[in-house]
Amino acid sequence: MFRGRKATEGTHPVKVNTKFLAALSGAALLLALGGCSSDDSGKKLDSWAKGVCDQAAGPAKQIDDANTAISQVNSGGTPAEVKKADSAAFQQLSNAYKELAGIFQKAGAAPNGDQGQTFQQNAVTTLNHLSAQYESLMKQVDALDTSNQNTFADGLKGVSDSLTKTTADVQSSIGTLSQGDAGKALAQQPGCQRVSTTAAPTAASPSAS
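Residues in the sequence shown are numbered from 0 upward in steps of one, following numbering that gives the first Met the number 0.
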């Protein structure tokens, strides 16, 4: 994505890739929690889905707020300011996805036999994986050298590449969570619908001053 570009003052490639960040928090969760419409009326399954989704609003807001924070990072700010803002946003995203994983963990298996247990385990594993990826991005940002503008810009490009890889990795695995009766039951719950529609930030182009 940054092929042929030199590290220049004010460059903030992580902001360019907020499109990918939005894909994770929005489209990927749409697959994980949105599923497809369903006429499933099993009371136990609906109760399970409601229990999960009623708790999802808090993490969804955290994800939305973190995406917005990244989109609003001042690309003309000092390296220290950019580093601090990006690190905080990645940490918040990691915490939010970990909280979502915990919600599924505490909910137990969806009440539709072995498929329900598999669905729940996949949800926990996938969301914890996503949390770990954002934690890794946070650590990568925290390790950046802010003493030199060009060195810092080059480092941010590396973070951007990692973010792109994380996006592809998570999107390839999270689709399984849209399948089956449990995924359809979640789709009917307003709480999970709110998770799937977390606002996407506007991507900003890096300056080339």
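Think of the CB as a built atom: it goes at the ideal place given N, C-alpha and C, for glycine as much as any other residue. Since we're looking at a predicted model, the values are computed, not measured.
Less than 6 Å between C-beta atoms, sequence neighbours within five positions excluded: which residues of the same chain meet that for residue i?
i          : result
residue 61 : 91, 95
residue 38 : With a pLDDT of 46 at residue 38, under the threshold of 50, the predicted position of this residue should be treated as unreliable, though the coordinate-derived value follows. No residues qualify anywhere along the chain.
residue 58 : 95, 98, 99
Leaving out five residues before and five after residue i in sequence, what residues of the same chain have Cβ atoms less than 7 Å from its Cβ?
i           : result
residue 141 : 86
residue 100 : 123, 126, 127, 130
residue 188 : 48, 49, 52
residue 221 : This structure cannot settle anything about residue 221, because the visible part of the chain is limited to 0 through 208.
Consult DSSP for residue i and reduce its assignment to one of helix, strand or coil.
i           : result
residue 147 : coil
residue 73  : coil
residue 109 : coil
residue 41  : coil
residue 119 : helix
residue 90  : helix
residue 55  : coil
residue 187 : coil
residue 95  : helix
residue 100 : helix
residue 84  : helix
residue 142 : coil
Going by C-alpha distance, which of the options is nearest residue i?
i           : options          : result
residue 119 : 102, 130, 131    : 102
residue 93  : 64, 127, 84, 185 : 127
residue 104 : 88, 125, 63      : 125
residue 190 : 56, 83, 148      : 56
residue 156 : 179, 82, 88, 121 : 82
Taking the CB atoms as reference points, tell me whether residue i and residue j lie closer together than 8 Å.
i           : j           : result
residue 79  : residue 150 : no
residue 167 : residue 44  : no
residue 161 : residue 136 : yes
residue 163 : residue 132 : no
Beta-carbon of residue i versus every beta-carbon of chain B: anything under 8 Å?
i           : result
residue 132 : Any reference to chain B falls outside this structure, which holds one protein chain only.
Segment contact, 8 Å Cβ cut-off, at least three pairs: the region 65-73 with the region 105-125 | no
Is the region 97-113 touching the region 73-83, taking contact as three or more C-beta pairs under 8 Å?
-> no
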